[in-house]
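Those protein sequence lines, which keep their order, are chains A and B.
Going letter by letter, the first sequence gives residues 932 to 1186 in this note's numbering.
Going letter by letter, the second sequence gives residues 11 to 254 in this note's numbering.
So the structure is just underneath, and the comments pick up after that.
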Amino acid sequence: MDLENKKVKTVLIISLIAIVHLWSLRGVGFDLRRLLKIGNTIEFIATRWFPPDWSILNKVLGEAIITLQIAIVGTSFSLLVALPLSFLAAKNTTPWEGIYSLVRGFLSFLRSVPEIVFALVLIPALGLGPFAGALALIFHNIGVLGKLISEKIEAADKGSQEAILSVGASNLSVITFGILPQIMPDILSETFYRFEVNIRASLILGLIGAGGIGQLLFIHFRIFAYQKVLVDTLIILIMVIGIDYISSLIRTKVI
Amino acid sequence: MLAIESLAKRYSKKEDYVLKDINLEVKQGEFVVILGTSGAGKSTLIRCINRLIEPNSGQLYWYEKNIRKLKKNDLRRYRRDVGMIFQEYNLIERLSVLTNVLVGRFGYLNYLKILLQNYSEGEIKLAQEALARVGLAGYETAKVRDLSGGQRQRVGIARALTQEPRLILGDEPVSSLDPVTAEKIMSLLTEINQKQKITMLISIHNVELAKSFANRIIGIKHGKIVYNDSPDNLNKKMLERIYS
Ligand SMILES: Nc1ncnc2c1ncn2[C@@H]1O[C@H](COP(=O)(O)OP(=O)(O)O)[C@@H](O)[C@H]1O
Ligand SMILES: [Mg+2]
């Protein structure tokens, strides 16, 4: 009886998974015959992208540095704002319930709005360029880091907080010495991870005119300058791989 | 020095009282040990005394001053007089021994000085003397996470001493230590009690340890005091009353 039940359940689950996938494949218009044409893309790249046009290397590197700067500003400023907000958005450190709910709500709003939407909203007011891109990253990442840090604050071990309170210290001292030293490694690690994510995000923001190497890549695509696109792509690859490597090295070895 | 009158505490309206009608006096210079099974209410009672936990009713007096009425700054000033040591030591793991001991001064300093770790020479000397007192001279720059359990509790005691308290509360301060180390820490506390005239109110798991170090033993069961007398009178029958 039990065994029968289990079998029926298994069959049901497998059918459900199959149905969801068939439904999704239909939605994306998945077509094996068209997939075979991917060979055309390879041929296209082989004939039109090569040889790379190194004459623009300096410009590409300059834009890559701007992308890096967008990500740096987008990460550090969001941490700077998120850190104090998280203490308001943590149950154990908020001055009162009302502030807690308000800041929490604000943070989840920031987190749910994608960077690109912030950029689209900001560009008409601020104009095209890296400033709008960096600001979009800042807004979204305040939400992401704020939620994360406030959770760490709530999960911090109560022992040292209790001890610091017991000597007659103020709440601010308890936060500074009872909570911060405990959560600092996690905060730094997460911040470096957000930096990696922000490099990629700022590439995408470039497509809508928020500056950096992403924007350059998009422009080159639109004027069919594929030999320049190749240089853009190579530099992006090197930058992303390099930064991921350095950042994860810092996250695992130093912190 | 400390008087507790009809103290009661429950953690929520749905639950039973975990402290019921506690009446207790502690005199200057005493070494009082609290015994009781786990869940009897020892930790709750000890935390009510320095108001880490707010009682629901009853009164607390510290040299005739009503502690339950104290507001923010007065409460902080009162807490400076009452040191506390913990079963799990409750140190800041990532920081140095000296920094941890100087936490004892946090009740005296303004936030800016604390943030900048701007201590006076006198305060650093006080912390170093406390470290020497607990047998950890020379350990100033060691990291807490590299210390053994016994050494950690010594740092905890040094932190309490640095706040220059008149009473030290202990919530099972030797329960996480091996028997030999536990005895050494109890001897250290006794020495501090006798030489520095700091009153001790400490909960303990181990009856033998309690008997050999206490001037007076308080037995708690289900949130009520069921024994309050010298350790000499703690016979088998009385022990059953506490532990049955
Ligand atoms: N923060 C808390 N919230 C709810 N109940 C608690 C809390 N702390 C302790 N209790 C309960 O109060 C009773 C007494 O606990 P405690 O004072 O820790 O006893 P002891 O220290 O003697 O083991 C126990 O039943 C425990 O479950
Ligand atoms: Mg306890």
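In this text, a Cβ means the ideal position worked out from N, Cα and C, and glycines have one as well.
Looking at the strands, I want to know which residues DSSP matches up with residue i.
i, result
"B:Trp72", "B:Leu12, B:Lys75"
"B:Thr209", "B:Leu177"
"B:Arg226", "B:Val42"
"B:Arg94", "According to the sequence shown, residue 94 of chain B is Met rather than Arg. Bridge partners of B:Met94: B:Leu179."
"B:Glu35", "B:Ala13"
"B:Lys234", "B:Lys231"
"B:Leu125", "Answer is none; B:Leu125 lacks a bridge partner."
"B:Leu29", "B:Lys19"
"B:Lys153", "B:Ser106"
"B:Ser67", "B:Ala18"
"B:Asp239", "B:Ile227"
Any idea if residue i is buried or exposed, counting beta-carbon neighbours within 10 angstroms, 16 or more meaning buried?
i, result
"A:Pro1045", "exposed"
"A:Met1115", "exposed"
"A:Thr1183", "exposed"
"A:Arg979", "exposed"
"A:Leu956", "exposed"
"A:Thr941", "exposed"
"A:Ala1086", "exposed"
"A:Pro1055", "exposed"
"B:Asp84", "exposed"
"B:Glu182", "buried"
"B:Arg162", "buried"
"B:Ile124", "buried"
"B:Leu12", "buried"
"B:Lys24", "exposed"
"A:Phe981", "exposed"
"A:Ala949", "exposed"
"B:Gln38", "exposed"
"A:Phe1123", "buried"
"B:Ile167", "buried"
"A:His1151", "buried"
"A:Thr972", "exposed"
"B:Tyr21", "exposed"
Flag residue i as yes when its Cβ comes closer than 7 Å to any non-hydrogen atom of ligand 1, and as no otherwise.
i, result
"B:Ser185", "no"
"B:Gly49", "yes"
"B:Gly255", "Nothing about residue 255 of chain B can be read from this structure; chain B reaches only from 11 to 254."
"B:Gly46", "yes"
"B:Val28", "yes"
"B:Tyr21", "yes"
Hey, residue i and residue j: beta-carbon distance below 8 Å or not?
i, j, result
"B:Asn243", "B:Ile228", "no"
"A:Ala995", "A:Ile1166", "yes"
"A:Asn1072", "A:Ser1120", "no"
"B:Lys221", "B:Pro241", "yes"
"B:Val42", "B:Met210", "yes"
"B:Gly93", "B:Ile202", "no"
"A:Gly1145", "A:Leu1134", "yes"
"B:Tyr129", "B:Leu105", "no"
"B:Ala18", "B:Gly51", "no"
"B:Leu101", "B:Val165", "yes"
"B:Glu64", "B:Val107", "no"
"A:Asp962", "A:Lys1159", "no"
"A:Phe1018", "A:Ile1084", "yes"
"B:Leu45", "B:Ile235", "no"
"B:Ser158", "B:Glu98", "no"
"B:Gly132", "B:Thr172", "no"
"B:Gly160", "B:Thr200", "no"
"A:Val1105", "A:Gln1092", "yes"
"A:Ser1043", "B:Leu62", "no"
"A:Ser1194", "A:Phe1126", "A question about residue 1194 of chain A goes unanswered here, because the residues of chain A that appear run from 932 up to 1186."
Could you round the C-beta distance between residue i and residue j to whole angstroms and report it? I think they count as a contact, below 8 Å.
i, j, result
"B:Arg87", "B:Asn60", "Going by Cβ atoms, the distance from B:Arg87 to B:Asn60 rounds to 12 Å, so no, they are not a contact pair."
"A:Leu1136", "A:Ala1002", "At roughly 10 Å, the Cβ-Cβ gap does not stay under 8 Å, so A:Leu1136 and A:Ala1002 are not in contact."
"A:Leu1148", "A:Ile1080", "33 Å between Cβ atoms; not a contact."
"B:Tyr27", "B:Gly233", "6 Å"
"A:Leu1038", "A:Ala1020", "6 Å"
"A:Ala908", "A:Val1004", "Given that chain A is displayed from residue 932 to residue 1186, the structure contains no residue 908 of chain A and the question cannot be resolved."
"A:Ile987", "A:Val1171", "The Cβ separation is near 19 Å, so there is no contact."
"B:Asp91", "B:Arg143", "With a Cβ gap of about 18 Å, B:Asp91 and B:Arg143 do not count as contacting."
"B:Leu55", "B:Ile230", "7 Å"
Using only the heavy atoms of ligand 2, determine whether one of them is closer than 7 Å to the beta carbon of residue i.
i, result
"B:Glu98", "no"
"B:Glu182", "yes"
"A:Ser1097", "no"
"B:Lys52", "yes"
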